[in-house]
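*Asks:* If you're matching positions, the sequence shown starts at 5 in the working numbering and goes up one per residue.
Every residue, glycine too, gets a C-beta built ideally from N, C-alpha and C.
As the structure is a computational prediction, the values presented were derived from the model and not from experiment.
Take a look at this one; I'll ask things after.
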Amino acid sequence: MDPGLGTDMVFRFAGQDGASDGKSDEEFTFRGHSLIVRMVSPVFDAMLKAGMAEQQQMTVNIDAQVASKDEFQVFYNLLLPFSGSVKNAVTAANAESLFRISDFYQVKQLRAQCLRMLLMSPHTVGKLIFAHKTGLADLYATTLRGLGPVSTGDIELAKDVPQVLADVAKTLVEPAAKHRKLRDLRMRVNRLSAELDSAALPPSKKMATGVLAEVLEHL
5 MDPGLGTDMV FRFAGQDGAS DGKSDEEFTF RGHSLIVRMV SPVFDAMLKA
55 GMAEQQQMTV NIDAQVASKD EFQVFYNLLL PFSGSVKNAV TAANAESLFR
105 ISDFYQVKQL RAQCLRMLLM SPHTVGKLIF AHKTGLADLY ATTLRGLGPV
155 STGDIELAKD VPQVLADVAK TLVEPAAKHR KLRDLRMRVN RLSAELDSAA
205 LPPSKKMATG VLAEVLEHL
């Protein structure tokens, strides 16, 4: 279905500063079908009920913090009949923007698919910030546990989000702290082993200490 065929409403977008930046009206509008969005979104359905300003003007303003025109077009096209599998259309590249839009407009099926993709995609500081800002506790915990190498660019990205910056710092410090603890423990076990070798203790205790020392060497 052509989004422009037989359309009955307009979605209007603003620049990040809320202005049109001198661009033509066409660059900040997108025509669509009210029935399509009302069928899947209780938010749009409420907006377009009789008596509401949006219904009278058949125009809905899309907040710049929710979606850009390009992002909204991707979202809208997924709602069209015969648009193909939503599962295959949601990718690591568009999962965050589609989640943000589907969450705001309460399109549950698309939101759930976006969340599945986010949980499976590479764990980065950027995704950690996204999870923090959207209140996705499970995604935040999963991303933090699986966080890959952190660059100076990542630290710069997180500097304005104190909680994320603190948690990222912990992930950098913990391996070093664990290494120091293991090193100290190995030294203690080695000293104990040396003492036991010269002591009149049962073989079982000497063996147990030897096994512990061997295990520590593989950690």
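Looking only at C-alpha atoms, which of N81, A99, D12 sits nearest to G130?
*Replies:* Considering only alpha carbons, the answer is A99.
*Asks:* Roughly how many angstroms separate the alpha carbons of D142 and I66, rounded to a whole number?
*Replies:* Roughly 28 Å separates the two Cα atoms.
*Asks:* Pick from G157, T175, R42: whose alpha carbon is nearest that of Y80?
*Replies:* Of G157, T175, R42, the residue nearest in Cα terms is R42.
*Asks:* Do you know whose CA, among A135, F108, Y109, lies nearest R120's CA?
*Replies:* A135
*Asks:* One question on the structure: do T175 and L140 come within less than 8 Å of each other, judged by their Cβ atoms?
*Replies:* Result no, Cβ atoms of T175 and L140 do not sit closer than 8 Å.
*Asks:* Do three or more CB pairs link the region 105-123 to the region 42-60 at distances below 8 Å?
*Replies:* yes
*Asks:* Expressed to the nearest angstrom, what Euclidean distance is found between the alpha-carbon atoms of L102 and A68?
*Replies:* 14 Å
*Asks:* Let me confirm a value: L39 is counted as buried when at least 16 other C-beta atoms fall within 10 Å, else exposed. Which label applies?
*Replies:* exposed
*Asks:* Give the range of the beta strand (DSSP E) segment to which G152 is assigned.
*Replies:* It is not in any beta strand (DSSP E) - G152 carries neither H nor E in the DSSP assignment.
*Asks:* From the DSSP output, which residues share a beta bridge with V14?
*Replies:* V14 is bridged to R35, T63.
*Asks:* Using the rule of at least 16 other Cβ atoms within 10 Å of the residue's Cβ for burial, across every protein chain shown, is F17 buried or exposed?
*Replies:* It counts as buried.
*Asks:* Comparing alpha-carbon positions, which option in D12, V70, G36 lies nearest L82?
*Replies:* Check the Cα spacing between L82 and each of D12, V70, G36: the tightest is with G36.
*Asks:* Let's see if you can read the secondary structure: which residues bound the alpha helix (DSSP H) around Y109?
*Replies:* Segment: none, Y109 is in no alpha helix (DSSP H) and carries neither H nor E.
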